[in-house]
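Comments concern the structure below.
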Amino acid sequence: MASKKVLIVYAHQSSGSFNSAAKDAAVEVLTAKGCTVEVSDLYAMTFKATATAEDITGKVKNADHFCYGEETKLAWEAGKLTADITEEQRKLTEADLVIFQFPMYWFTVPAIMKGWMDRVLTLGFAFTHEKRYSQGIFKDKKAMLSFTTGSQESMFSAYGINGDMNVTLWPLQNGILHYCGFQVLAPQIFWAPSHVPSEARGTMLEGWRTRMQGLLGENPLAFTPLDCFDGEKGYQLKPEVHEQHAAKEFGLTVGIHLGKALPPNNQMKAGV
8 MASKKVLIVY AHQSSGSFNS AAKDAAVEVL TAKGCTVEVS DLYAMTFKAT
58 ATAEDITGKV KNADHFCYGE ETKLAWEAGK LTADITEEQR KLTEADLVIF
108 QFPMYWFTVP AIMKGWMDRV LTLGFAFTHE KRYSQGIFKD KKAMLSFTTG
158 SQESMFSAYG INGDMNVTLW PLQNGILHYC GFQVLAPQIF WAPSHVPSEA
208 RGTMLEGWRT RMQGLLGENP LAFTPLDCFD GEKGYQLKPE VHEQHAAKEF
258 GLTVGIHLGK ALPPNNQMKA GV
């Protein structure tokens, strides 16, 4: 892990929070292992969460029918994105691993972190029609979610009131991280730290510290490769791939489930 670069995109308002402690632990352990660690503290930076024409310096191509994706692609190519975006893109370009540290809000990331994703992962820079998923621009980089929940683990199960956490994570891990090509490491989930004793929170942090010792060597989560889909037929799974899995008990992934039972822990553990 020596000489590796890590970017931590961090979203919590309080330095006294468990998320802050998890972020600090990551900085300490990874730095001690020889990594260069940068932290984007989004609330401290008062990072702008809304994707608007203000993200572009100078004139836009079509002000009457403003299309954020196309306009920011042109701006990125011309070096006309605002300084806050280009600085985050620099950090991301240099990073070997990106850790998103946050409290789960409404089953997803906080608005300020979603704004970072909306504004920093611009068309052209982070993905193109040709370069996405397993053939994505960031296929040589790793990324992961590290977050706290307000609900206990049992509530995020296949029989729990919140539903299966694997399903909850699919839009974030497949639709954002894997879409941009990242090798997605299994998430680090801190289950309801505000509802457990301080000793249990300490145990959670120690588990995180232990995991980080070999974090960059972990195998990523499994996603179905892009070449398994037919681009000329609406990116449907190729018949031969479908046939190969016809007799299997589970679907390919949480999202590409083939009408079968979801593969257990597909979005939470590598190798499944």
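Numbering (the numbering used here), first residue to last: 8 to 279.
Glycine is no exception: its CB is placed at the ideal position from the N, C-alpha and C atoms.
Quantities reported herein were computed from a predicted structural model and do not represent experimental measurements.
Which one of the options has the shortest CA to CA distance from residue i?
| i | options | result |
| --- | --- | --- |
| L265 | E101, N272, H249 | H249 |
| K4 | I106, D125, P117 | What the structure shows of the chain is the stretch from 8 to 279, and residue 4 is not part of that stretch, so it cannot be assessed. |
| F54 | H19, L192, H136, E78 | H19 |
| A39 | D234, D237, R216, D103 | R216 |
| K12 | S27, I168, E61, V34 | V34 |
| L179 | M151, E137, H202 | M151 |
| V44 | G238, M219, H252 | M219 |
| C49 | A85, K255, M124, W198 | In the sequence as presented, Cys is not what sits at residue 49; that position holds Leu. Selected option, being the one with the closest Cα: M124. |
| G65 | A51, G76, W83, N181 | W83 |
| S81 | M211, T135, A253, A254 | According to the sequence as given, residue 81 is Leu; it is not Ser. It is T135 whose Cα lies nearest to the Cα of L81. |
| A277 | T79, Y166, I63, N173 | N173 |
| E101 | D147, I63, G41 | D147 |
| F25 | G209, L104, L192 | G209 |
| A51 | L222, V116, G241, S22 | S22 |
| V116 | L192, T175, K240 | T175 |
State buried or exposed for residue i, treating a residue as buried only when at least 16 other CB atoms are found within 10 Å of its CB.
| i | result |
| --- | --- |
| W153 | The sequence shown places Ser at residue 153, not Trp. Buried, because 16 or more other Cβ atoms sit within 10 Å of the Cβ of S153. |
| G224 | exposed |
| N69 | exposed |
| K30 | buried |
| C74 | exposed |
| Q274 | buried |
| Q108 | buried |
| I119 | buried |
| P271 | exposed |
| W113 | exposed |
| R97 | exposed |
| S201 | exposed |
| Y17 | buried |
| P204 | exposed |
| E61 | exposed |
| A85 | exposed |
| I15 | buried |
| E206 | exposed |
| Q195 | buried |
| P246 | exposed |
| T79 | buried |
| E95 | buried |
| T59 | exposed |
Pair every Cβ in the region 222-233 with every Cβ in the region 256-264, then say whether three or more of these pairs are closer than 8 Å. yes
Which runs of the alpha helix (DSSP H) at least 4 residues long sit entirely within the region 84-154? Give them in chain order. 90-101, 118-127
Does the region 126-135 come into contact with the region 159-166, if we say contact requires no fewer than three beta-carbon pairs (one atom in each stretch) closer than 8 Å? no
Kindly provide the ranges of any beta strand (DSSP E) runs that are 3 or more residues long and lie completely inside the region 190-243, ordered along the chain. 195-197
If we count Cβ pairs, one from each stretch, closer than 8 Å, do we get three or more for the region 134-148 versus the region 179-192? yes
Every unbroken beta strand (DSSP E) within the region 8-78, with a cutoff of 3 residues, ordered by chain: 12-17, 43-48
Hey, is the region 49-63 in contact with the region 83-93, meaning 3+ C-beta pairs nearer than 8 Å? yes
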